[in-house]
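In this note's numbering, the protein residues as written are 3 to 316.
All C-beta atoms, glycine included, are put in the ideal place defined by N, C-alpha and C.
Working notes, structure below.
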Amino acid sequence: MDKIEHKYVEVSGVKLHVAEIGTGPTAVMFLHGFPEIWYTWRHQMIAAANAGYRAIAPDYSGYGLSDPPPEPEKSSLLDFVDDLVAILDSLNIPKVFLVGKDFGSPVANFIALLHPKRVLGVVTLGVPFMPPRPPTHHNGLPEGFYISRWREPGRAEADFGRFDAKTVIRNIYILFSRSEIPIAAENQEIMDMVDSSRPLPPWFTEEDLATYGALYEKSGFRTALQVPYRAMHKRVDIPDWKVEAPSLLIMGEEDYVLKFQGIEDYIRSGEVKKFVPNLETIFLPQGSHFVHEQFPDQVNQLIVTFLNTHVQSI
């Protein structure tokens, strides 16, 4: 980990943090989800660098060590896309492989859709490419569904505000590593779904938690609640919703996202390939929503094999 370097790139007056390792001629940009930061890719960055690639992992604006956007409540996924392309420009990277987890998946795919000539390939974990229509996978879920709660102005702020950032991250990691969709009871808050005696997942150490906690103590959750949760249903104007780049989707078999209405069938039936025709999908047994941290060796091998296969076709 001590070989990973840290730098800042200024984009529109905002300083964005970028972790980097490796000096290879081809770059791989790792895009985190929530409740993550650049550190979530610690295993994959080192593996990519060891395989001869330049691995970079930014913190989005308002996350980790990056400055917040000027108006967090107006931020969107496309703002993050613009920031990431500006980072590539600043680092003189004309073309890149993208690896996105959770809401990093749509961010990666939006870059591939809007800047196709700059993308060599796309790897996504935990969330498949979603078609440009109103989402239906949340239909029928109770009021206590975590996304519904976090989209409600002030609700998550009050819930999270009872605890320090480290405890909030601990609880979310425990909740999101289960196979069931996090849904609170009617008179229960999301943070109260996790008992303080419940242990962390065995693959997530106290040191890992301390790193996350310290960085969210700095950034807070203001931007994170906006993007992705409160910006999720904003209209995105993209003329052609087909990702032509070579793509790989890695899903844990126990990922709670597969329990959303229609999602597993959308993936397994091949309907997703209407939008991502050059897609390969791999399911990892026992894998959770954090499959890249849970089974780093397997995920590293899949990613490096994908990179090596497609870098040769450039």
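Which same chain residues end up closer than 7 Å to residue i when comparing Cβ atoms and leaving out the 5 residues on each side of it in sequence?
i	result
Phe326	Given that the chain is displayed from residue 3 to residue 316, the structure contains no residue 326 and the question cannot be resolved.
Val306	Ala49, Ala50 and Ala53
Tyr268	Pro130 and Val274
Glu191	Asp161
Phe297	Leu286 and Gly289
Ser92	Val11
Gly26	Gly54, Tyr55 and Arg56
Ile23	Lys5, Ile6, Glu7, Met47, Ile48, Ala51 and Ala57
Ile95	Ala29
Which residues in the same chain have their Cβ closer than 8 Å to the Cβ of residue i, if we skip the five residues on either side of it in sequence?
i	result
Ile149	His140, Tyr231 and Met234
Ile240	Phe112, Leu115, Leu116 and Pro134
Ile185	Leu143, Pro144, Gly146, Phe147 and Tyr148
Ala247	Ala114, Pro118, Val121, Leu122, Gly123, Val124 and Asn280
Ala212	Lys168
Leu227	Trp152, Ala158 and Glu159
Phe105	Gly35, Phe36, Leu79, Val129, Val229 and Pro230
Glu182	Tyr258 and Lys261
Met195	Asn173, Leu177, Pro184 and Ala186
Ile301	Before going on, a small fix: residue 301 reads as Val here, not Ile. Within the same chain, Val301 has close Cβ partners His45, Gln46, Leu127, Ile252, Leu286, Val293 and His294.
Asp242	Leu115
Met132	Pro108
Name the residue from the options whose alpha carbon lies nearest to the alpha carbon of residue i.
i	options	result
Leu127	Val313, Leu304 and Gln314	Leu304
Phe244	Ala53, Pro155, Val278 and Glu188	Here the sequence assigns Lys to residue 244, which means Phe is not the residue at that position. Nearest of Ala53, Pro155, Val278 and Glu188 to Lys244, Cα basis: Val278.
Ser290	Gln314, Tyr258, Ala49 and Val87	Tyr258
Leu1	His294, Val30 and Ala216	Residue numbering for the chain in the displayed model covers 3 to 316; residue 1 lies beyond these limits and cannot be assessed.
Met193	Ile39, Gly264, Ala50 and Asn173	Asn173
Lys220	Gly66, Pro27 and Leu177	Gly66
Asp299	His45, Val238, Arg157 and Ala212	His45
His386	Ser271, Leu260 and Leu250	Nothing about residue 386 can be read from this structure; the chain reaches only from 3 to 316.
Arg200	Thr169, Arg224 and Ala187	Thr169
Trp205	Val16, Tyr10 and Glu295	Glu295
Val229	Thr42, Glu73, Thr28 and Ser14	Glu73
Arg237	Val16, Ser77, Val13 and Pro71	Ser77
Leu217	Val13, Ser198 and Pro37	Pro37
Phe292	Ile176, Asp197 and Ser198	Ile176
Asn310	Val109, Phe99, Gly222 and Gly163	Phe99
Phe82	Asp61, Val101, Pro96 and Ile171	Asp61
Tyr214	Thr225, Asp166 and Ser14	Asp166
Val16	Pro70, Ile95 and Asp242	Pro70
Pro198	Ile171, Thr283, Gly64 and Asp210	It should be pointed out that residue 198 corresponds to Ser in this sequence rather than to Pro. The candidate whose alpha carbon is nearest that of Ser198 is Ile171.
Val109	Glu154, Gly272, Asp84 and His19	Asp84
Asp210	Gly102, Ala88, Trp43 and Lys97	Trp43
Could you pull the start and end residues of the alpha helix (DSSP H) that residue i belongs to?
i	result
Gly128	Taken as a continuous stretch (DSSP letters only), Gly128 belongs to no alpha helix (DSSP H), as it is neither H nor E.
Thr311	Pro298 to Val313
Phe112	Gly106 to Leu116
Ile174	Ala167 to Phe178
Arg237	Taken as a continuous stretch (DSSP letters only), Arg237 belongs to no alpha helix (DSSP H), as it is neither H nor E.
Arg151	Tyr148 to Arg153
Arg157	Arg157 to Phe162
Phe82	Leu79 to Ser92
Could you pull the DSSP bridge partners for residue i from this structure?
i	result
Leu281	Ser249
Val124	Leu100 and Ser249
Ala53	Paired residue(s): none; Ala53 is not in a bridge.
Ile23	Ala57
Met31	Ile58 and Leu100
Leu18	Val11
Leu286	Gly254
Apart from the five residues on each side of it in sequence, which residues of its chain come closer than 6 Å, Cβ to Cβ, to residue i?
i	result
Pro203	Ser179
Tyr107	Looking at the sequence provided, one finds Ser at residue 107 rather than Tyr. Correct list, in chain order: Thr126 and Val129.
Ala21	Ile6, His8, Trp40 and Ala59
Glu335	Given that the chain is displayed from residue 3 to residue 316, the structure contains no residue 335 and the question cannot be resolved.
Arg157	Arg151
Phe223	Phe162
Leu33	Gly102, Gly106, Val109 and Ala110
Along the chain, where does the beta strand (DSSP E) containing residue i start, and where does it finish?
i	result
Tyr10	Glu7 to Val13
Ala186	No beta strand (DSSP E) holds Ala186; DSSP gives it neither H nor E.
Can residue i be considered in contact with the ligand ZN, in the sense that its beta carbon sits closer than 8 Å to one or more heavy atoms?
i	result
Lys236	In the structure on display, the ligand ZN does not appear, and there are no ligands present to speak of.
Inside the region 198 to 226 only - alpha helix (DSSP H) runs reaching at least 4 residues: 208 to 221
Runs of alpha helix (DSSP H) lying entirely within the region 251 to 277, each at least 4 residues, in chain order: 265 to 270
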